[in-house]
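Numbering (the numbering used here), first residue to last: 276 to 652.
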């Protein structure tokens, strides 16, 4: 595969973080991906076999062989069904993404100022060689950052759009300043939501990783498991070993909000942070309280950003309910290669239509934002 080789895991690979220097996002760090893999949360037995691509001293690409489409958040199950109906094997496939993490970030890890187009082309050639040898049907690059769009397109991958909702600091100063940009009715609704939480006797505290003690993590894991059991019938994709690893290896990137009722912890939200962005990742609760999810997962995150100079808050995938709370629609980018020409042509036609629909949807969603019309970006 030319100068590219595969890594069976990033765990312990000291040079991994060096590819992006100070701009490295926490979700693609050696600590985070390594925790996924060393804990066996993302492993061959769970349908996430690491096959990371590395060009020594030049670039790296997170890469997994997938036997399913779970934990991705860019949905291709319809493509898999169409392939099956046409007699085309869809699984296993190759995936460049962060397991169970729909957060935009670098997918072609390279030093700042590097020319991404030739690196993307080289990576694509390496992937095709790997796919041919191993009988893999396709390659999917999910939640790539804006700076990579032209590189992946130039390499020849098909471009897919999605839509999420992110908060941006538009010079608000503090939370009251943020609300000051709302139309009166929307501002009243949001204040009411926060008041309801307080009136139920729930208080919240936000701690950074170095402030967290073992009992805080115990509470969080209990909340996480309980919520997954209730919603999905299992204990969650991520196990205790994963959370123990990130607590130990990347505390500087962790922010946790805990909810207290009657002297007991009743809910927890776990975020990651970079130099300028807060990423809402995991939530769990042991009891139900009106509007507590909004307070713990959204409003506390906004307050943290405003207090610590972070300019963007990515609270996770989906959720139109975020729009009236001041989270703006943003386009997300993924890229796809399908080895079978019949399936590739069909997907190409579908994506042309879908991109138009997504752009129209995002424009309509922007019209529903709660801000004064003169304040909308």
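C-beta atoms are modelled at their ideal positions from N, C-alpha and C, and glycine is treated no differently.
In three-state terms, what does DSSP make of residue 413? strand
Assuming residue 408 and residue 336 are in contact, meaning their beta carbons sit under 8 angstroms apart, how far apart are those beta carbons, in whole angstroms? Not quite, the Cβ-Cβ distance comes to about 17 angstroms (not below 8 angstroms), so this is no contact.
Mind the definition here: the segment 512 to 524 touches the segment 289 to 309 only if three or more C-beta pairs lie below 8 angstroms; say whether that holds. yes
Within 10 angstroms of the Cβ of residue 628, are there 16 or more other Cβ atoms? Answer buried if so, exposed if not. exposed
Beta carbon of residue 414, beta carbon of residue 465: below 8 angstroms? no
For residue 604 versus residue 640, is the C-beta spacing smaller than 8 angstroms? yes
When you compare only the Cα positions, how much space is there between residue 448 and residue 586? 11 angstroms
Identity of the residues DSSP links to residue 325 by a beta bridge: 339
Could you spell out where the alpha helix (DSSP H) holding residue 494 opens and where it closes? 489 to 507
What's the gap between the Cα of residue 285 and the Cα of residue 500? 26 angstroms
Can you name, in chain order, every residue of its own chain whose Cβ lies under 7 angstroms from the Cβ of residue 635, other than the five neighbours on each side? none
Report the option in 316, 437, 486 whose CA atom is closest to the CA atom of residue 610. 437
With DSSP run on the structure shown, which of helix, strand or coil describes residue 371? strand
Among 318, 528, 312, 442, nearest to residue 288 - alpha-carbon criterion: 312
Can you tell me whether residue 575 is buried or exposed? The criterion is at least 16 other CB atoms within 10 Å of its CB, across all chains shown. buried
Within 8 angstroms, strictly: CB atoms of residue 292 and residue 282: no
Among 506, 563, 580, 478, which residue has its Cα nearest to the Cα of residue 537? 478
Is the segment 466 to 474 close to the segment 563 to 577, with three or more CB pairs under 8 angstroms? yes
Do you know whose CA, among 353, 322, 333, 330, lies nearest residue 339's CA? 322
Check the DSSP bridge columns for residue 531 and list the partner residues they point to. 482, 545
If the criterion is Cβ atoms closer than 8 angstroms, does the pair residue 378 and residue 614 meet it? no
Cα-Cα separation, residue 527 to residue 295: 17 angstroms
Ignoring anything shorter than 3 residues, give me the beta strand (DSSP E) runs that lie fully in the segment 413 to 441, in order along the chain. 413 to 419
If you compare alpha carbons, which of 350, 642, 637 is closest to residue 418? 350
How many angstroms separate the CA atom of residue 303 from the CA atom of residue 498? 25 angstroms
Burial state of residue 589 (16 or more Cβ within 10 Å): buried
Bridge partners - residue 612, DSSP secondary structure assignment: 414
Answer with buried or exposed for residue 380, where buried requires no fewer than 16 other C-beta atoms within 10 angstroms of its C-beta. buried
Using C-beta distances below 6 angstroms, list every residue in its chain close to residue 348, excluding the 5 sequence neighbours before and after it, in chain order. 377, 592
Once you ignore the five residues that flank residue 516 on each side, which residues in its own chain have a CB closer than 6 angstroms to its CB? 314
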